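Novice: First the structure, then my questions, so here it is.
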């Protein structure tokens with residue numbers, strides 16, 4: 020099939036450090052190429068891919084010091100995609116909703132994976148105006164605000180099997196990876212470490228909008244617990260692999276309906292169990308008592324730390340391989356593409372348009 024992948028332009032594909040959506044787009048694109056599909060990736064010019072790259076800007080907009088507005092870049096991205104729309108059997112969008120109005124005028128098979136939280140107040144009018152746009156959710160919980168939308172499937176994220184290193188044994192530290200933001204609850208992670216007497220390593224990015232929160236809430240906690248807590252900032256590559264793989268557990272103490280939580284499957288790939296609050300997608304990813312523990316309070320989390328020896332790191336790895344590898348994700352998307360592109364006719368709209376199939 021001739022498939023277009025349309026990535027957001029905030030980070031390169033794959034991202035150098037933080038950037039969950041762009042990372043998933045990269046894994047999916049590379050796997051589809053490996054499967055023999057003709058794939059075109061629309062992304063920032065500093066992206067790296069074995070697919071055909073069509074750059075919509077010179078560099079990722081969050082890495083471009085001259086970029087002050089990101090919306091114009093994405094409007095141009097969508098115009099660029101639709102200027103070439105007839106080349107593709109299906110177009111797969113990962114860039115939120117900016118392309119929705121174009122779909123009224125370009126009838127190429129398409130699907131949109133929504134990677135973020137769906138807020139009823141913000142999206143209700145848009146979804147009512149565009150009820151036929153084919154959508155993919157990244158967890159069943161993500162669908163809850165709009166159960167009647169045109170959902171084609173729930174497809175969990177998947178990673179290459181060899182991306183992270185499985186480790187049968189680990190160090191005794193706990194780990195927090197994510198953003199420093201109110202909903203990620205780094206404050207809970209610090210409290211768990213202090214009350215369990217365990218070291219905590221924090222690999223976290225702070226966005227500009229969260230700097231006041233960090234200064235007022237997190238920095239004082241870091242100062243008070245500096246004998247136990249080590250703040251590392253952003254990490255990537257081999258450093259991240261070693262950090263996750265050597266952790267006794269990943270702490271995922273979120274306080275919001277996380278649509279997926281990529282770091283959880285990164286932990287499972289390393290064999291590292293997860294201690295998490297059961298919000299959003301978490302109960303769909305972590306099997307309580309088998310690949311980690313689902314907790315509701317700090318006390319339960321501290322108790323879960325003591326129960327970590329009961330979790331088999333090999334079972335965590337097996338769960339990753341069975342449910343969250345990139346090949347599994349790509350095959351699920353391939354099923355959606357074929358349904359949308361071929362439908363009941365058994366031929367793509369591109370084949371009909373080019374006269375490759377008659378009737």
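Numbering (my numbering), first residue to last: 20 to 378.
Ideal Cβ positions, reconstructed from N, Cα and C, are used throughout, including at glycine.
Given the structure is predicted, the values throughout are model-derived calculations rather than measurements.
Are three or more beta carbon pairs between the segment 304-321 and the segment 282-293 nearer than 8 Å?
Specialist: Judged by Cβ distances under 8 Å, the segment 304-321 makes contact with the segment 282-293, as three or more pairs qualify.
Novice: Run the CB neighbour count on residue 108, radius 10 Å, all protein chains shown included, and call it buried at 16 or more, exposed below.
Specialist: By the neighbour-count rule (16 or more Cβ atoms within 10 Å), residue 108 is buried.
Novice: Nearest to residue 229 by alpha carbon, out of 179, 169, 197, 145?
Specialist: When only C-alpha atoms are compared, the closest one is 197.
Novice: Use the C-beta contact count for residue 140: other C-beta atoms within 10 angstroms, 16 or more gives buried, fewer gives exposed.
Specialist: Classification for residue 140: exposed.
Novice: Using CA coordinates, which residue listed in 216, 250, 227 is at the minimum distance from residue 205?
Specialist: Residue 205 has its Cα closest to that of 250, out of 216, 250, 227.
Novice: Report the three-state DSSP secondary structure of residue 93 (helix, strand or coil).
Specialist: It is helical.
Novice: Within its chain, find whatever has a CB closer than 7 Å to the CB of residue 444; leave out the 5 residues flanking it on each side and keep chain order.
Specialist: Absent from the model: residue 444. The displayed extent of the chain is 20 to 378, so no value can be given.
Novice: How big is the Cα-Cα spacing for residue 271 and residue 124?
Specialist: Roughly 43 Å separates the two Cα atoms.
Novice: So what does DSSP say about residue 198, is it helix, strand or coil?
Specialist: Note: residue 198 maps to strand in three-state DSSP.
Novice: Tell me the residue span of the beta strand (DSSP E) that contains residue 341.
Specialist: No beta strand (DSSP E) holds residue 341; the alpha helix (DSSP H) holding it covers 332-342.
Novice: How should residue 369 be labelled, buried or exposed, when 16 other C-beta atoms within 10 angstroms of its C-beta is the threshold for buried?
Specialist: Bear in mind that a pLDDT of 49 at residue 369, under 50, signals an unreliable position, so the model cannot answer this.
Novice: Please give me, in chain order, every unbroken run of the beta strand (DSSP E) with length at least 3 that falls completely inside the segment 97-176.
Specialist: The segment 97-176 contains these whole beta strand (DSSP E) runs: 109-112, 129-132, 154-156, 170-173.
Novice: Less than 7 Å between the C-beta atoms of residue 43 and residue 126, yes or no?
Specialist: Going by C-beta atoms, residue 43 is not nearer than 7 Å to residue 126.
Novice: Of all the options 324, 152, 355, which has the alpha carbon lying nearest to the alpha carbon of residue 210?
Specialist: The shortest Cα separation from residue 210 among 324, 152, 355 belongs to 324.
Novice: What three-state label does DSSP hand residue 247 in the structure shown?
Specialist: DSSP places residue 247 in coil when its eight states are reduced to three.
Novice: Report the residue from 29, 330, 150 whose alpha carbon sits nearest the alpha carbon of residue 189.
Specialist: When each option's Cα is compared against that of residue 189, the closest is 330.
Novice: Touch check for the segment 42-57 and the segment 162-179: three-plus C-beta pairs under 8 Å?
Specialist: Flag = yes, the segment 42-57 and the segment 162-179 touch.
Novice: From 33, 35, 47, pick the residue whose C-alpha is nearest to that of residue 353; which is it?
Specialist: Among 33, 35, 47, the Cα nearest to that of residue 353 belongs to 47.
Novice: Span of the beta strand (DSSP E) holding residue 25?
Specialist: Here the beta strand (DSSP E) through residue 25 covers 21-25.
Novice: What residues match up with residue 294 in a beta bridge as DSSP calls it?
Specialist: Beta-bridge pairing links residue 294 to 270, 312.
Novice: Looking at residue 253 and residue 224, is the spacing between their C-beta atoms short of 7 Å?
Specialist: Yes; because the gap between Cβ atoms is below 7 Å, this pair is in contact.
Novice: Could you tell me the distance, in whole angstroms, from the CA atom of residue 27 to the CA atom of residue 132?
Specialist: Spanning the two alpha carbons is a distance of roughly 12 Å.
Novice: Considering only residues of the same chain and omitting the five flanking positions on each side of residue 248, which have a CB-CB separation below 7 Å?
Specialist: Here the set comprises 209, 212, 219, 221, 241.
Novice: What are the boundary residues of the alpha helix (DSSP H) that includes residue 51?
Specialist: Note, residue 51: alpha helix (DSSP H), 39-53.
Novice: If residue 297 sits next to residue 136, beta carbons under 8 Å apart, how far is it from one beta carbon to the other, in whole angstroms?
Specialist: Not really, about 16 Å apart at Cβ, beyond 8 Å.
Novice: With residue 76 as the anchor, note down where its alpha helix (DSSP H) starts and where it stops.
Specialist: Segment 71-76 is the beta strand (DSSP E) holding residue 76; no alpha helix (DSSP H) there.
Novice: Please name the residue, chosen from 347, 256, 163, that lies closest to residue 18 on a Cα-to-Cα basis.
Specialist: This structure cannot settle anything about residue 18, because the visible part of the chain is limited to 20 through 378.
Novice: Residue 22 to residue 56, Cα distance in whole Å?
Specialist: Going by the C-alpha atoms only, they are around 7 Å apart.
Novice: Identify, in the order they occur along the chain, each residue of the same chain with its Cβ nearer than 6 Å to the Cβ of residue 31, setting aside the five sequence neighbours on each side.
Specialist: Once the five neighbours on either side are set aside, the close Cβ partners of residue 31 are 63, 65, 66, 79.
Novice: Apart from the five residues on each side of it in sequence, which residues of its chain come closer than 8 Å, Cβ to Cβ, to residue 95?
Specialist: 75, 76.
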